[in-house]
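To keep things clear, I will list the structure first and then write my remarks on it.
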Amino acid sequence: MSGIPDLDLGRPGELSSALRQMIAVLERERQALASLDRDELIGATREKEALCEALAPVGPDRLNADTRALAVTARQLNEVNRRVRNLLAANVAARLDALGGPRATYQPVNVAHA
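Using my numbering, the first residue of the sequence shown is number 4, and each one after it goes up by one.
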C-alpha cells in the first residue's frame, strides 16, 4: 500500500511516531504542492489516508502533552496545505475563465412560450 508500517498504537511511543510520520508527510505534501509534483502529491495523499486509518481509533483522551502538541502541529500544517490547494484551484479556475470568456448566465425558459 504505502510506506506506512503497521502501527500498534497500544505500545508506548507508537502514537508519537504516527503523528511525527503525519507531520513528515504533510511537509512532503507542501513541497509537492510548491513544485506541482503530481506523483509526490498522490503518494502523500495515500500515506495521509493510511495514517488517518491507523489513527482513527485514537481519541483525545489518549493524548498527553507531547502527542497533543504533535497533533496541533499536524492540524496546522494540514490547514496550510488546504489553503494552498484552494489557492491553486482558484488560480486554475481564473485561468480557465479567462480562456473561455465570460460565463454563460442561467436563462430561465418560459415553457408557456417555448
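Glycine is no exception: its CB is placed at the ideal position from the N, C-alpha and C atoms. All of these numbers come straight from a predicted model, not from anything done at the bench.
Could I get the ranges of all uninterrupted alpha helix (DSSP H) runs contained in the stretch 30-75, with 4 residues as the minimum, in chain order?
You should have 41-58.
How big is the Cα-Cα spacing for Ser5 and Glu50?
In the sequence shown, counting from the first residue as 1, residue 5 sits at position 2. In the sequence shown, counting from the first residue as 1, residue 50 sits at position 47. Note that Ser5 scores a pLDDT of 49, beneath 50, so its modelled location is shaky; the value from the coordinates is reported in the next line. Cα-Cα distance, rounded: 6 Å.
Within a Cβ cutoff of 7 Å, which residues of the same chain sit near Glu56, ignoring the five residues on either side of it in sequence?
Stepping through the sequence shown from its first residue, residue 56 is reached at position 53. Excluding residues within five positions, none has a Cβ falling inside 7 Å.
For Leu54, is the classification buried or exposed, using 16 other Cβ atoms within 10 angstroms of its Cβ as the cut-off for buried?
In the sequence shown, residue 54 corresponds to position 51, counting from 1. Buried: at least 16 other Cβ atoms inside 10 Å.
Any contact between the stretch 41-48 and the stretch 66-79? By contact I mean 3 or more CB pairs, one from each, below 8 Å.
No, they do not touch.
With distances taken from CA atoms, which of Arg14, Leu18, Glu30, Gly46 is nearest Glu82?
In the sequence shown, residue 82 corresponds to position 79, counting from 1. The shortest Cα separation from Glu82 among Arg14, Leu18, Glu30, Gly46 belongs to Glu30.
Looking at Leu18 and Arg65, is the spacing between their C-beta atoms short of 8 Å?
Reading the sequence shown from its first residue, position 62 is the one you call residue 65. Reading the sequence shown from its first residue, position 15 is the one you call residue 18. Yes, they are a contact pair.
Apart from the five residues on each side of it in sequence, which residues of its chain come closer than 8 Å, Cβ to Cβ, to Asn84?
Taking the sequence shown and counting its residues from 1, one reaches residue 84 at position 81. Result list for Asn84: Leu29, Glu32, Arg33, Leu36, in chain order.
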